[in-house]
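Peer 1:
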Amino acid sequence: MSAAATSRAPGSWGHYPSSHPYQMAACRNRQALILPTDSRSCLPFGNGRSYGDVCLNNNGTLLLTRGLDRFIAFDPATGILQAEAGVLLSEILTLIVPQGWFLPVTPGTQFVTLGGAVANDVHGKNHHIAGSFGCQIRAFELLRSDNSRRLCTPEQNTGWFRATVGGLGLTGLITWVEIQLQRIANPWIIAENRRFASLDEFLTLDAGYETRYPYIVSWIDCAATGKTLGRGIYMAGMHAPPGLRKPPPPERRALTVPFTPPVPLVNQLSVPWFNRLYYHLPRPARGLTPYQPFFYPLDNLLNWNRLYGRQGFFQYQCVISPAGIREALPEILARIAASGQGSMLAVLKRFGTKTSGGLLSFPRPGVTLALDFPNRGQPTLDLLEQLDEVTRQAGGAVYPAKDARMSGDSFRQYFPQWQEFSRYIDPGFSSSFWRRVMGD
Amino acid sequence: MRNILIIGATSAIAEATARRFAASGARFYLAGRNVERLAAIARDLEIRSGQPVVQESLDLDELDTHPALLERASQTLGGIDVALIAHGTLPDQQACQQSAPLTLAAIHTNALSVISLATLLANSFETRGRGTLIAISSVAGDRGRQSNYVYGAAKGMVSLFLQGLRNRLSRKGIQVITIKPGFVDTPMTAAFEKKGFLWAQPDHIAQGITAAVDRGRDEVYLPWFWRWIMMLIVHIPEGMFKRLKL
Numbered sequence: 002m003s004a005a006a007t008s009r010a011p012g013s014w015g016h017y018p019s020s021h022p023y024q025m026a027a028c029r030n031r032q033a034l035i036l037p038t039d040s041r042s043c044l045p046f047g048n049g050r051s052y053g054d055v056c057l058n059n060n061g062t063l064l065l066t067r068g069l070d071r072f073i074a075f076d077p078a079t080g081i082l083q084a085e086a087g088v089l090l091s092e093i094l095t096l097i098v099p100q101g102w103f104l105p106v107t108p109g110t111q112f113v114t115l116g117g118a119v120a121n122d123v124h125g126k127n128h129h130i131a132g133s134f135g136c137q138i139r140a141f142e143l144l145r146s147d148n149s150r151r152l153c154t155p156e157q158n159t160g161w162f163r164a165t166v167g168g169l170g171l172t173g174l175i176t177w178v179e180i181q182l183q184r185i186a187n188p189w190i191i192a193e194n195r196r197f198a199s200l201d202e203f204l205t206l207d208a209g210y211e212t213r214y215p216y217i218v219s220w221i222d223c224a225a226t227g228k229t230l231g232r233g234i235y236m237a238g239m240h241a242p243p244g245l246r247k248p249p250p251p252e253r254r255a256l257t258v259p260f261t262p263p264v265p266l267v268n269q270l271s272v273p274w275f276n277r278l279y280y281h282l283p284r285p286a287r288g289l290t291p292y293q294p295f296f297y298p299l300d301n302l303l304n305w306n307r308l309y310g311r312q313g314f315f316q317y318q319c320v321i322s323p324a325g326i327r328e329a330l331p332e333i334l335a336r337i338a339a340s341g342q343g344s345m346l347a348v349l350k351r352f353g354t355k356t357s358g359g360l361l362s363f364p365r366p367g368v369t370l371a372l373d374f375p376n377r378g379q380p381t382l383d384l385l386e387q388l389d390e391v392t393r394q395a396g397g398a399v400y401p402a403k404d405a406r407m408s409g410d411s412f413r414q415y416f417p418q419w420q421e422f423s424r425y426i427d428p429g430f431s432s433s434f435w436r437r438v439m440g441d
Numbered sequence: 070m071r072n073i074l075i076i077g078a079t080s081a082i083a084e085a086t087a088r089r090f091a092a093s094g095a096r097f098y099l100a101g102r103n104v105e106r107l108a109a110i111a112r113d114l115e116i117r118s119g120q121p122v123v124q125e126s127l128d129l130d131e132l133d134t135h136p137a138l139l140e141r142a143s144q145t146l147g148g149i150d151v152a153l154i155a156h157g158t159l160p161d162q163q164a165c166q167q168s169a170p171l172t173l174a175a176i177h178t179n180a181l182s183v184i185s186l187a188t189l190l191a192n193s194f195e196t197r198g199r200g201t202l203i204a205i206s207s208v209a210g211d212r213g214r215q216s217n218y219v220y221g222a223a224k225g226m227v228s229l230f231l232q233g234l235r236n237r238l239s240r241k242g243i244q245v246i247t248i249k250p251g252f253v254d255t256p257m258t259a260a261f262e263k264k265g266f267l268w269a270q271p272d273h274i275a276q277g278i279t280a281a282v283d284r285g286r287d288e289v290y291l292p293w294f295w296r297w298i299m300m301l302i303v304h305i306p307e308g309m310f311k312r313l314k315l
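Residue numbers (my numbering), protein chains in the order written: chain H, 2 to 441; chain P, 70 to 315.
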């Protein structure tokens, strides 16, 4: 640990809220790591891909974990991988895909750290069959501010395991993680696209595809109203079998948004037009695609969050239980469309029943909706609070990794195990998110 | 598959460079001081390269250990194709100014031990008739400045020595590469405020190093713009330069 390192203050992906840590400490040496013992609280910071303030610690210490980026063990015969917590999923993929392995669960960006994936118990397009990232963990090590170390597995130190999976970095620093990978025959994905005109059609499609395809996600037109409400595109995929493959595609050079434009480019004019076009755009019903554009469509546009301008943006991701799907979900979509505030990037996905057991884990059976909202100040906050009302009544929840504004009351209702969780919080750790939802 | 010896393997630049070498197929022999960190890096490189990695912990200040180190590395790898000399310290200039022993110790680590290793490596490459020698010098070695002339003098000595070595060996098919990084965000520079475009990440330097090997470059400033900055600085007349606060 080099304690005096003061690189540029890192922020979260949504550029909101702005935050200034008191200090940052770069972690590099896994075994010799000693956490700072001053009176300020610590919080691990990985690659800054969570949207709101779960990765921020205003006036506190950020433990920069990207320096913990070594592989510790990988057995190409069994697919068991052990790596330090600051390794990016993209770095893991570079290593394992050529050797016939794939991440068992991956979120929509490969630029998150392994530790961040655990701490937010992230999920992917295969949640309906595989559960969340936490379901794939064999073990990890937790370093506490008293400098004790605990080996946590689903069988050992289970309380710590369940608190730390989805524990938002509050239970201590995860130094390394061991996961079980899944076998693949090649890097190709068989993808299928289907248009749906309503939520009912989405549910019918889902019932048919769910058992056949491991990866499913839908884009939904959040500007559609009335008869077109709930229309979208259903996308299903599976790893291609051994015989089916093409020559490797030319490597695509990533584009970048070089600076933050003074005016947000995502606005009331651009969104409905983009969505109409996107919905009607002809696309192949079935095809073979490399895994990167299928899983990480936005990773090829670096810094896309800048498109939302200096004010940043919010992402709202909620899950609605099966009972509430036909009532609450149309209600939420109607409110978003009426507000005219939504963005192009809205996704819908059904969660399965498998759970990691994480005390603060977000995924639970039902349908999850996620979309971005350019930050327009109070009107945006008011809209999101309205959406929370619907989510609360439907017995749903909002994803902390995406959140920068939910109320403490909402949080406690969404995560009823918060009291049990708080017993495991490291006394030397805290975050801007935690102080916000706990009201201090 | 290249056989690569890395001296000072726990340095951030060396580690980033090793990963890039690993990606294109390499077998490593690593030398450094800290056993624990060396072991973690060796294991990581084994996984990335798919080849066994041998590590050796020693104090490079002890010059008489150098011949045996190079002998063991050469034996283990079956000949060294590429050697990267990356060890070094950033001495405290203020403290050195007040202490001749501290100054000499800094020069011993950053210049004399490098020259000892470079001499031995160059001779063994010459005998074999091939090899690539890379050493990390610094832009600080291009001109003496009050803020870090002890470090600068050591790096300047390294740069000049490598220049001579290159001149001696160029016709014998041996590549000698001097790397001159500017400010790099590493643990060595942890005490600095790291803001602005002048600060580079270790992987950026690593990319420049592997490119220099592939393209047969001699002296490389990293990032590239330092060549022009240093060209300016070197050409300021001494009468004016001595009055600047640099």
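Glycine included, each C-beta is placed from N, C-alpha and C at the ideal position.
#1: Can you tell me whether Gln-144/P is helix, strand or coil according to DSSP?
#2: Which parts of the region 136-188 of chain H are runs of the beta strand (DSSP E), unbroken and 3 residues or longer, counting only runs that do not cross its ends?
#3: Would you report the Cα separation of Glu-140/P and Val-183/P, rounded to the nearest angstrom?
#4: Is Ser-126/P helix, strand or coil by DSSP?
#5: Using a beta-carbon distance below 8 angstroms, is Glu-322/P in contact with chain H?
#6: Determine the chain H residues that contact Ala-109/P at a beta-carbon separation under 9 angstroms, and present them in chain order.
#7: Determine the closest residue to Ala-155/P out of Asp-133/P, His-135/P and Asn-179/P, with distance taken between C-alpha atoms.
#8: Going by beta carbon distance, what residues of the same chain come within less than 7 angstroms of Asn-148/H, once the five residues before and after it are set aside?
#9: Distance, Cα to Cα, Pro-265/H vs Leu-385/H?
#10: Quick one, which of Gly-147/P, Arg-102/P, Gln-120/P and Ser-118/P has its alpha-carbon nearest Glu-131/P's?
#11: Check whether the Cβ atoms of Gly-135/H and Gly-359/H lie closer than 8 angstroms to each other.
#12: With Pro-170/P as the anchor, note down where its alpha helix (DSSP H) starts and where it stops.
#13: Over what stretch of residues does the beta strand (DSSP E) that includes Met-309/P continue unbroken?
#14: Are the CB atoms of His-129/H and Ile-217/H nearer to each other than 8 angstroms?
#15: In three-state terms, what does DSSP make of Ser-219/H?
#16: Of the residues Arg-351/H, Phe-430/H, Leu-89/H and Arg-393/H, which one's Cα is nearest the Cα of Glu-211/H?
#17: Return no unless some Cβ of chain H is closer than 8 angstroms to the Cβ of Arg-112/P.
#18: Based on DSSP bridge pairs, tell me the residues matched to Val-98/H.
#19: Could you run through the region 117-140 of chain P and flag, in chain order, every residue whose CB is less than 9 angstroms away from some CB of chain H?
#20: In the DSSP output, which residue or residues are listed as bridge partners for Ile-243/P?
#21: Output the boundary residues of the alpha helix (DSSP H) element that contains Val-289/P.
#22: Only counting the same chain, and skipping five residues up and downstream in sequence, which positions put a Cβ closer than 6 angstroms to that of Tyr-17/H?
#23: Can you tell me whether DSSP reads Gln-414/H as helix, strand or coil?
#24: Specify the secondary structure class of Ala-5/H as computed by DSSP and reduced to three states.
#25: Using the beta-carbon of each residue, which ones in chain P are nearer than 8 angstroms to Leu-96/H?
#26: Between Gln-318/H, Leu-361/H, Ala-395/H and Phe-416/H, which lies nearest to Thr-369/H when the distance is taken from Cα to Cα?
#27: Have a look at Ser-185/P and Lys-241/P and give me their C-alpha separation to the nearest angstrom.
#28: So, at 6 angstroms on beta carbons, what are the nonlocal neighbours of Arg-89/P in its own chain, with the 5 sequence-adjacent residues on each side left out?
#29: Mind the definition here: the region 339-350 of chain H touches the region 268-279 of chain H only if three or more C-beta pairs lie below 8 angstroms; say whether that holds.
#30: What are the start and end residues of each continuous alpha helix (DSSP H) run of 4 or more residues lying completely inside the region 288-328 of chain H, in chain order?
#31: Can you tell me which of Phe-203/H, Gln-414/H, Thr-226/H and Ala-237/H puts its alpha carbon nearest to the alpha carbon of Tyr-214/H?
#32: Given a cut-off of 8 angstroms on the beta-carbon distance, is the pair Leu-89/H and Phe-112/H in contact?
#33: Can you tell me whether Arg-29/H is helix, strand or coil according to DSSP?
#34: Using DSSP with H/G/I as helix, E/B as strand and the rest coil, what is Phe-434/H?
#35: Where does Phe-252/P sit, in a helix, a strand or coil, going by DSSP?
#36: Please list, in chain order, all residues of the same chain as Ala-6/H whose beta carbon is under 8 angstroms from its beta carbon, the five residues on each side excluded.
Peer 2: From the atom records:
#1: In the structure shown, Gln-144/P adopts helical secondary structure according to DSSP, grouped into three states.
#2: Qualifying beta strand (DSSP E) stretches, in chain order: 138-144, 150-153 and 174-181.
#3: Distance between the alpha carbons of Glu-140/P and Val-183/P: 17 angstroms.
#4: Ser-126/P carries a strand assignment under DSSP once its states are collapsed to helix, strand and coil.
#5: Outside the shown range of chain P (70 to 315) lies residue 322/P, about which nothing can therefore be said.
#6: In chain order: Asn-30, Arg-31, Gln-32, Arg-71, Ile-73 and Glu-85.
#7: Among Asp-133/P, His-135/P and Asn-179/P, the Cα nearest to that of Ala-155/P is on Asn-179/P.
#8: Cβ within range, chain order: Ile-35 and Leu-36.
#9: Cα to Cα, the separation comes out at about 19 angstroms.
#10: Per the C-alpha coordinates, the member of Gly-147/P, Arg-102/P, Gln-120/P and Ser-118/P positioned closest to Glu-131/P is Arg-102/P.
#11: A distance below 8 angstroms separates the beta carbons of Gly-135/H and Gly-359/H.
#12: Per DSSP, Pro-170/P belongs to the alpha helix (DSSP H) from 169-176.
#13: First-last for Met-309/P: 307-310, but that is the alpha helix (DSSP H), not the beta strand (DSSP E).
#14: Their beta carbons are under 8 angstroms apart, which means His-129/H touches Ile-217/H by this criterion.
#15: Note: Ser-219/H maps to strand in three-state DSSP.
#16: Checked all of Arg-351/H, Phe-430/H, Leu-89/H and Arg-393/H; the closest Cα to Glu-211/H is Arg-351/H.
#17: So yes, Arg-112/P belongs to the interface.
#18: Looking at the DSSP assignment, Val-98/H forms no beta bridge with any residue, so it has no partner.
#19: Result list: Arg-117 and Gly-119.
#20: Among the bridge pairs identified by DSSP, Ile-243/P is matched with Gly-200/P.
#21: Residue range 288-291 is occupied by the beta strand (DSSP E) that includes Val-289/P, with no alpha helix (DSSP H) assigned at that position.
#22: Once the five neighbours on either side are set aside, the close Cβ partners of Tyr-17/H are Gly-313, Asn-376 and Ala-405.
#23: Here Gln-414/H sits in helix by DSSP.
#24: Its pLDDT being 36, under 50, Ala-5/H is placed unreliably in this model, and the coordinates cannot settle the point.
#25: Within chain P, the residues near Leu-96/H are Ile-116 and Arg-117.
#26: That would be Gln-318/H, whose Cα lies nearest to the Cα of Thr-369/H.
#27: Distance between the alpha carbons of Ser-185/P and Lys-241/P: 21 angstroms.
#28: Excluding its 5 nearest sequence neighbours in each direction, Arg-89/P has C-beta neighbours in its own chain below 6 angstroms: Ala-275 and Thr-279, listed in chain order.
#29: Touching, yes, given that three or more Cβ pairs across the two stretches are closer than 8 angstroms.
#30: Runs found: 292-296.
#31: Nearest in C-alpha terms to Tyr-214/H, of all of Phe-203/H, Gln-414/H, Thr-226/H and Ala-237/H, is Ala-237/H.
#32: Judged by their CB atoms, Leu-89/H and Phe-112/H are nearer to each other than the 8 angstroms cut-off.
#33: Under the three-state reduction of DSSP, Arg-29/H is assigned to coil, being neither helix nor strand.
#34: Here Phe-434/H sits in helix by DSSP.
#35: Three-state result, Phe-252/P: strand.
#36: Low confidence applies here, because Ala-6/H scores a pLDDT of 39, under 50, leaving its location unreliable; read the following figure in that light. Apart from the 5 residues on each side of it in sequence, Ala-6/H sits with its Cβ closer than 8 angstroms to the Cβ of Met-25, Ala-26, Ala-27 and Leu-65 in its chain, given in chain order.
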